[in-house]
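In the numbering used here, the protein residues as written are 122 to 250.
Here a beta-carbon is modelled for each residue, glycine too, at the ideal position from N, C-alpha and C.
All of these numbers come straight from a predicted model, not from anything done at the bench.
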Amino acid sequence: MLKESKAFSGFSAGDIPKAKEFYAGTLGLEVSESHDILTLHLAGENNVIIYPKPNHVPATFTVLNFPVDDLDFAVDELTKRGVQFEHYDLPGIKTDEKGIRRGGNGPTVAWFKDPAGNILSVVEGAGAI
Numbered sequence: 122m123l124k125e126s127k128a129f130s131g132f133s134a135g136d137i138p139k140a141k142e143f144y145a146g147t148l149g150l151e152v153s154e155s156h157d158i159l160t161l162h163l164a165g166e167n168n169v170i171i172y173p174k175p176n177h178v179p180a181t182f183t184v185l186n187f188p189v190d191d192l193d194f195a196v197d198e199l200t201k202r203g204v205q206f207e208h209y210d211l212p213g214i215k216t217d218e219k220g221i222r223r224g225g226n227g228p229t230v231a232w233f234k235d236p237a238g239n240i241l242s243v244v245e246g247a248g249a250i
């Protein structure tokens with residue numbers, strides 16, 4: 122029954138207009154809105170919804186990953202748009218001055234937060250996951 126379903130993911134935000142400005146304006150994604158729910162229209166017919174939640178608490182894990190061909194370029198461009206990347210110095214997760222984790226276990230990746238505090242990432246290479 123569910124095998125053929127076109128599943129989609131979603132997460133919450135406390136301020137939908139602010140989220141819409143960030144995802145459409147800052148990140149440059151195609152975004153639509155219906156009944157106070159945002160739909161991010163991503164490549165490959167993937168959609169992600171962002172729904173309002175008055176008592177929203179940000180996720181403590183990555184809720185959305187964006188594969189890119191050139192991570193340094195993506196980080197530089199997003200930084201120019203006002204995105205601030207997270208910096209980690211933890212066992213197994215150490216980022217450089219740009220906020221990029223290079224080498225180690227896993228792909229080359231940089232994390233940032235949306236206005237609601239949800240964690241997003243840009244990750245190098247479509248096959249990195």
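* Are the segment 174-183 and the segment 138-146 in contact at 8 angstroms, needing three or more beta carbon pairs? -> no
* Using the beta-carbon count (16 or more within 10 Å), is E245 buried or exposed? -> buried
* Run the CB neighbour count on Y144, radius 10 Å, all protein chains shown included, and call it buried at 16 or more, exposed below. => buried
* Asked: Any idea what DSSP makes of L199, helix, strand or coil?
  -> helix
* Distance between beta carbons of L241 and L185, contact taken as under 8 angstroms -> 5 angstroms
* Can you check the segment 137-172 for any beta strand (DSSP E) of at least 3 residues that lies completely inside it and give the ranges in chain order? => 151-155, 158-163
* To do: Count the CB pairs spanning the segment 153-171 and the segment 199-207 that are closer than 8 angstroms, and state whether there are at least three.
  => no
* Given a cut-off of 8 angstroms, decide if F206 and F233 are closer than it, judged by their beta-carbon atoms. => yes
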